[in-house]
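Asker: Going down the list, the protein sequences come from chains A and B.
According to my numbering, the stretch in the first sequence is residues 5 to 288, in order.
According to my numbering, the stretch in the second sequence is residues 10 to 428, in order.
Think of the CB as a built atom: it goes at the ideal place given N, C-alpha and C, for glycine as much as any other residue.
First, the structure itself, so that you have it in front of you.
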Amino acid sequence: MSVEAYLPRVHSQEVTEIRPDRGWLDLDLGAVWRFRELLVVLMMRDIQVLYKQALLGAGWAILQPVFAVTIFTIVFGYFARMPSEGVPYPLFAFAGVLPWTYFAEAVRRSATGLVTDSELIRKIYFPRLIMPLANVVTPLVDFCIAFFILLILMAFYGMAPSWKFLLVPPLMVVSALLALSIGLWLAPINVRFRDIKHTLPFMIQIWMYASPIVYPLSMVPEQWQWAYSLNPMVGVIEGFRWAVFNQGEPNFMALGMSGVIILVLLVSGLIFFRRMERSFADVI
Amino acid sequence: MTELAITARGLGKRYRRLTRQRHDSVRDIIGASVAGMFASNKVREAKREREMFWALKDADFDIERGENVGIIGLNGAGKSTLLKILSRITTPTTGTAQINGRLGALLEVGTGFHHELTGRENVYLYGSILGMTRQEVAAKYDAIVDFSEIEEFIDTPVKRYSSGMYVRLAFAVAAHLDPDILLLDEVLAVGDFAFQRKCMNFARELERKGATILFVSHNMFSIKTMCQRVIYLKKGQIVFDGPTNEGLKLYEDDSRLEDVVWFRDGAEAPIKFTDVVLANERGTPVSVFDFGEPMTVKLRYKVDGRLERPDIRVGFERHDDVACATFSTSSDGVDIPYLEGEGEIELRTPPIKLVSDLYTANIVVRDARATIVAAQIGGHFHVRHPVFTNPAYGLYHEPGEWRLSAAAERRDEVKHGAR
C-alpha cells in the first residue's frame, strides 16, 4: 500500500450549489470549459467507433460523396445540362456535396445524439451541451478525408489551389456553428418527442434541394436571391466554391445573411437548450 | 471553512405521474391541448395536481465530512431521486443543496462503456465520464487494470467480454475515482465473492482516508457494516435520520401492511388482512431468516360479508420485484368453502432455499372466478445465506452432488470420488 493512502485526505475546495432554477440568461458556459476533457474524450470515442467493424472502413467517407456526385453528374450535368459556372460539372457538384454532407451529418448527429447516449444522460452528470458540441465535430473527419478526393479531382481537371484555400477552415467553422445551432433546437425536442428522428431525413433532403448544390446560385431569379439567401447554407456553399475554385466574386450578401441568421439561431438555441436541459434525465 | 460535506434544505422533486395521458408524439399533445383549452381553469388545476406526485419532499439533512450514511427505504421511496439530485443529473423542484468537495456518483457501474472499444480505450472513456482527468487515468491505469484482474483481455473490444469481466473493469475504474464524497447506488453487489470482498475493502479504504459515502442499498448487512447512520425514506419523505440499528429496526417494523402498488382497485376489497406476522419455527416474529429455515406466516383477516371459495396465496418477491415463490391454498390442496367475519390463517413453509437478499411477502386473494379481490404487502424479510450473499449467485440454492473423474494415471488418488 502506498504511503499516501495513510495521509489524511486533502479535500477539494470545490463547492457545488444545487438549486431548482436558473435565470434565463445563465448559460454557464464555464461548466463546459471545466468538462473540456470529457468533450475531447467523447469526440475521440465517436471518431474511434466511426468505422469499426465496417469492411471498407474509412472508405465510406469517400464512397458516399463520390456516389452522390456521380449520380448528380449523370442526372443534372449530363441529362439536364445544368450550368456550372465554368467549372467541370463533377467538380462543381463535389464542391457543393462536400460541405453539405458534413452539415447534414452534423445536424443529424447533434439532433439525435442525446437520445443515442440516453444511458449517460440518465446516470451521469455533465453539462449536456457537451453532447451536441462533440457531435458536430465528429463528421469533420469524413470531411477531411473527402477533401483529399476533391484535391485529386482538381488535379485531374488541371486546377490549382489558390491562397483562398485558407478560407476553407473558417467556412467549415461557420457550417459547424450552423449545424450546432440547429442541433441545439432539435435535440431537446427529440428528447421529448422522437418525431424529430423521423422527420429529419426528409427535412435534410428538402433543405439540400433548397441549397445551391446541384445547381448554381445564378439559376435563382435575381429578384428572389435575397429570399433564397435566407437559407444560411447558401452563403456557406457559395463561399466554399469561391474559395476552392478561385472564380467569380464572393457573395457577401449571402455570407452576411448566413452570419446574422446563425448568430440568432445559436444564441436562442443555447438559451433553449439550457432551459430544457434540466428535465432531460427525467423525460429521456 | 465548513466541516460539512453536504447540506440539504427542503429538497423536493415533483414528477408527472405516468398515466395513460402521457404524450409520446406531437399528435397526442395537440389533441390533449385542444381538449385542455375547453376545460375551465379549476378543472385544469385539479388535473395538474392529480398528475403530479412528489418523489422527494422537504428533505433536510447535513452530512459531515467522513461520515458514511446509508439511505434506506422501499422501492419508489425516493432514494434514487435523492442521489440523482445530489449528483446533479436532475434538478430539484424545490430546495437547495450545497456540496463541499469533489463528488463522485456511481448510480450504475459501467454506464458509458462503449461496446466497440477495447478495454483499454474504455478505461479512459469511463474515467473521463466519471470526472477524472486524462492524466489521472493515465497515472492510475496500471492499478486499475490490476484491480480488474482481466489484464490479458485489455485490448479486446468489451463486446466480447462476459458480463462479469465487464463489471470488473467498470468497477475497477470507478474504484479509483477517489472523490471526497461518493454516492453509491447498490453497486457493490457485483461480481463474485472474492471480487466483492475486494470492493468492500476498497470502500473501507476510502472511508479510512476520510471520504464521505452516501450508500443506497437494500442489503441490510452491507448497510450495517458500512454505515453508522441511516436516513430512512418513506414515500418521498425522511421519516428517520439517526443511528443505523435504530433506523433499520424502524424500517423493518414499518410498512408491514399496505396495499400492493399495482392493486389500486377503487372498490373496497371484500377481505382485508389486519395483521401479518412472519415468524420462525418457534413462532417468534423475526425479520431475518437463515438459509434453510422454515417460515411461519400468520395472517389475521377480516371479511366483509362472505367470500366464497377463496384462493389465498402468499408469494415471496425479491426487492427488485422478481417473483421467487408462491404458496397457494388451492394448489397446495387446501379447500376453503368460504370465509366469514374474522379469523386467522397460518402457513408453514418448507425450508427457505433463497440466497441472501431482501424479500417481500405478498398476500393475494382470488375469488371463485379467479379474480384478484385483494392484494397486500405482508412485510419484508431478509434471508441470510452463509456464502451466497448477492444476486450474482442466482435466486435459489440447493447443494449439488459432485463427482470427479480424473485422468487415468491419477485415478488412484481420487478413488473415493468415483463410484
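Pick helix, strand or coil for B/H389, following the three-state DSSP scheme.
Answerer: strand
Asker: Give me the subset of the segment 98 to 129 of chain A whose CB atoms are less than 9 Å from a CB atom of chain B, sorted by chain position.
Answerer: D121, E123, L124, I125, R126, K127, I128, Y129
Asker: Roughly how many whole angstroms lie between the Cα atoms of A/F130 and A/S122?
Answerer: 13 Å
Asker: Check B/R322 in the structure and name its three-state DSSP category.
Answerer: strand
Asker: DSSP on A/S215, reduced to helix/strand/coil?
Answerer: coil
Asker: Check this for me: beta carbons of B/P188 and B/R111, under 7 Å apart or not?
Answerer: yes
Asker: What's the gap between the Cα of A/R113 and the Cα of B/E60?
Answerer: 34 Å
Asker: Is B/I372 closer than 7 Å to B/G388 when the C-beta atoms are compared?
Answerer: no
Asker: Counting only Cβ pairs nearer than 8 Å, list the residues of chain A close to B/A55.
Answerer: Taking the beta carbon of B/A55 as reference, no residue of chain A falls within 8 Å; the closest one sits roughly 23 Å away.
Asker: Could one say the Cβ of A/V19 lies closer than 7 Å to chain B's Cβ atoms, at least one of them?
Answerer: yes
Asker: Could you tell me which of A/Q251, A/Q17, A/F98 sits nearest to B/N109, measuring between CA atoms?
Answerer: A/Q17
Asker: Name the residue from B/K88, B/D299, B/L367 whose alpha carbon lies nearest to the alpha carbon of B/L223.
Answerer: With distances taken between Cα atoms, B/L223 lies closest to B/K88.
Asker: Can you name, in chain order, every residue of its own chain whose Cβ lies under 6 Å from the Cβ of A/R196, other than the five neighbours on each side?
Answerer: For A/R196, same chain residues with a beta-carbon under 6 Å away, outside a window of 5 residues either side, are V287 in chain order.
Asker: How far does the alpha helix (DSSP H) with B/Y368 in it extend, from its first residue to its last?
Answerer: Taken as a continuous stretch (DSSP letters only), B/Y368 belongs to no alpha helix (DSSP H), being part of the beta strand (DSSP E) at 366 to 375.
Asker: Locate the alpha helix (DSSP H) running through B/R4, then write down its first and last residues.
Answerer: What is shown of chain B runs 10 to 428, which leaves residue 4 of chain B out entirely.
Asker: Mind checking B/H391: buried by the 16 CB within 10 Å criterion, or exposed?
Answerer: buried
Asker: Where A/L118 and B/A288 are concerned, what is the direct C-alpha to C-alpha distance, given to the nearest angstrom?
Answerer: 50 Å
Asker: For A/F284 and A/V140, what's the separation of their Cα atoms in angstroms?
Answerer: 20 Å
Asker: Can you tell which of B/V146, B/E145, B/V248 has the C-alpha that lies nearest to the C-alpha of B/L429?
Answerer: Only positions 10 to 428 of chain B appear in the structure, and residue 429 of chain B is not among them; the question remains open.
Asker: Listed from N- to C-terminal order along the chain, which residues in the segment 52 to 81 of chain A have their beta-carbon within a distance smaller than 8 Å of any beta-carbon of chain B?
Answerer: Within the segment 52 to 81 of chain A, the qualifying residues are Q52, V53, K56, Q57.
Asker: Please confirm whether A/P216 has its beta-carbon closer than 7 Å to some beta-carbon of chain B.
Answerer: no
Asker: With a threshold of 8 Å, are at least 3 pairs of Cβ atoms found where one atom belongs to the segment 135 to 149 of chain B and the other to the segment 52 to 62 of chain A?
Answerer: no
Asker: Please confirm whether B/L178 and B/G113 have their CB atoms less than 7 Å apart.
Answerer: no
Asker: Do three or more CB pairs link the segment 350 to 363 of chain B to the segment 302 to 314 of chain B at distances below 8 Å?
Answerer: Yes: at least three Cβ pairs fall under 8 Å.
Asker: Taking just the CA atoms, how far does A/T116 sit from A/I186?
Answerer: 11 Å
Asker: In chain A, which residues lie with their C-beta within 8 Å of the C-beta of B/Y24?
Answerer: Ordered by position in chain A, the residues that pass the 8 Å Cβ test against B/Y24 are D286.
Asker: From A/K168 to B/M141, what distance separates their C-alpha atoms?
Answerer: Per the coordinates, the alpha-carbon of A/K168 lies some 42 Å from the alpha-carbon of B/M141.
Asker: Quick one: does B/D69 have its CB under 7 Å from some CB of chain A?
Answerer: no
Asker: Is B/A106 close to chain A? Criterion is C-beta to C-beta, closer than 7 Å.
Answerer: Closer than 7 Å to some Cβ of chain A, the Cβ of B/A106 qualifies, so yes.
Asker: Please compile the residues from chain A whose C-beta is within a distance smaller than 7 Å of the C-beta of B/T99.
Answerer: A285, D286
Asker: Along the chain, where does the beta strand (DSSP E) containing A/W228 start, and where does it finish?
Answerer: Per DSSP, A/W228 belongs to no beta strand (DSSP E) and is neither H nor E.
Asker: Name the two residues that bound the continuous alpha helix (DSSP H) containing B/A184.
Answerer: 172 to 184
Asker: When you check each C-beta in the segment 29 to 48 of chain A against every C-beta of chain B, which residues fall closer than 7 Å?
Answerer: E41, L42, V45
Asker: Which first and last residues belong to the alpha helix (DSSP H) in which B/S157 is found?
Answerer: 143 to 157
Asker: Spell out the partners DSSP gives A/T142 in its beta bridges.
Answerer: BP columns for A/T142 are empty, so no partner.
Asker: Leaving out five residues before and five after A/I291 in sequence, what residues of the same chain have Cβ atoms less than 6 Å from its Cβ?
Answerer: Here chain A covers residues 5 to 288 and nothing more, so residue 291 of chain A does not appear.
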